Amino acid sequence: MDSARPSGSGRRVALWFLVFTAFSSGCDLGTKAWAQHALGEPGSSISVVEPWLEFSLAYNRGTAFSVIPHLGQMRWLFALLAVGVVAMLFTIAMRRRPRIRELLALGLIAGGAIGNGYDRAFRLTPAGDTAVIDFIRVNITPTYSWPTFNVADAWLLIGVAWLLWMGLRRAPDEPAATATTAATAARS
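Those letters in the sequence shown? Residues 4 to 191, by this note's numbering.
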C-alpha cells in the first residue's frame with residue numbers, strides 16, 4: 004500500500020478529512036474571534052510588517068469582492084451552499100480514497116467553507132446583523148491594498164490551488180489516486 008495514502012478502511016479517510024477540516028475551520032474561527040476582540044471597531048488596525056501587512060477589522064456583509072454587497076436574508080442560501088460544499092467534498096473523499104495531501108487540500112477547502120458559512124449565518128456584528136469577518140490586509144503599494152480577507156479565504160485559495168497543481172502534475176491518462184504511484188514505479 005502507498006504510504007502516502009491512509010491505510011485501511013474508509014473510516015481512516017473520514018477521520019483524516021474531519022481532522023483537516025476541523026483544524027482549518029478552527030484556525031479560521033479562532034482568528035476571527037481574536038480579530039473581533041482585539042481590533043474592536045471596523046477600520047482599527049495593527050501593523051504586522053510595516054508597511055506591507057496589517058490586521059484591520061472589516062465586516063463583509065456580501066460575497067467575495069462585494070459582487071453582491073449585502074446578502075440580507077440570502078445569507079441563509081450561502082450558508083446552506085457552504086454545507087453542500089462540505090458534503091460534496093466529504094463524498095469525493097470517501098469515494099476516491101485520495102492521498103493524505105489531497106485530503107489536506109479537501110479539508111482546507113471544507114474548513115474555509117465552514118468558517119465563512121458560519122460567519123454569514125451566525126457571526127453578529129455590533130450593529131446586530133451578520134457578516135463575515137475579514138481582517139488581513141496586504142498593502143501592495145502605498146496607495147493600493149489587496150481586498151481585506153481572512154484565514155478561511157486563504158485556506159480556500161490554498162486548497163483549490165493545491166488540488167489544481169497536483170492535477171497538472173499528473174499524467175493526463177492517470178486517475179488522481181495513482182499518479183504518484185506510477186511516477187515512483189517508473190523511476191525504479
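Just so it is clear, CB atoms sit at the ideal spot from N, CA and C, and this is done for glycine as well.
The model shown is predicted, which means the values in this text are computed figures rather than measured ones.
Taking 4 residues as the shortest admissible run, the stretch 102-142 contains the following complete alpha helix (DSSP H) segments, listed from N- to C-terminal end: 103-125. Within the DSSP secondary-structure output, A61 pairs in a beta bridge with D137. In this structure, DSSP gives S47 a state outside helix and strand, which the three-state scheme calls coil.
Taking a contact as a CB-CB distance under 8 Å, the pair L106 and G162 does not count as one, their CB atoms being some 11 Å apart. Residue pairing by DSSP places S148 opposite N142 in a beta bridge.
Within the same chain, and ignoring the five residues on either side of S27 in sequence, the residues whose Cβ sits closer than 7 Å to its Cβ are G110, L111, G114, G115, W158. As computed with DSSP, V88 is found in no beta bridge at all. Going by C-alpha positions, V22 is about 10 Å away from R15.
Boundaries of the alpha helix (DSSP H) harbouring R15: 13-42, taken from the DSSP string.
Looking at I136, F93, W37, S50, the one whose alpha-carbon comes closest to that of T151 is I136.
If you look at M169, you'll find it in the alpha helix (DSSP H) that goes 154-172. Contact between I117 and T34 does not hold, since their C-beta atoms are separated by about 14 Å, which reaches or exceeds 8 Å.
In this structure, the beta-carbon distance from V154 to L56 does not fall below 7 Å.
Around the beta-carbon of S50, fewer than 16 other beta-carbon atoms lie within 10 Å, marking it exposed. Nearest neighbour of P54 by Cα position, chosen from W165, L166, T146, L171, turns out to be T146. By the criterion of at least three beta-carbon pairs nearer than 8 Å, the stretch 81-99 is not in contact with the stretch 164-171.
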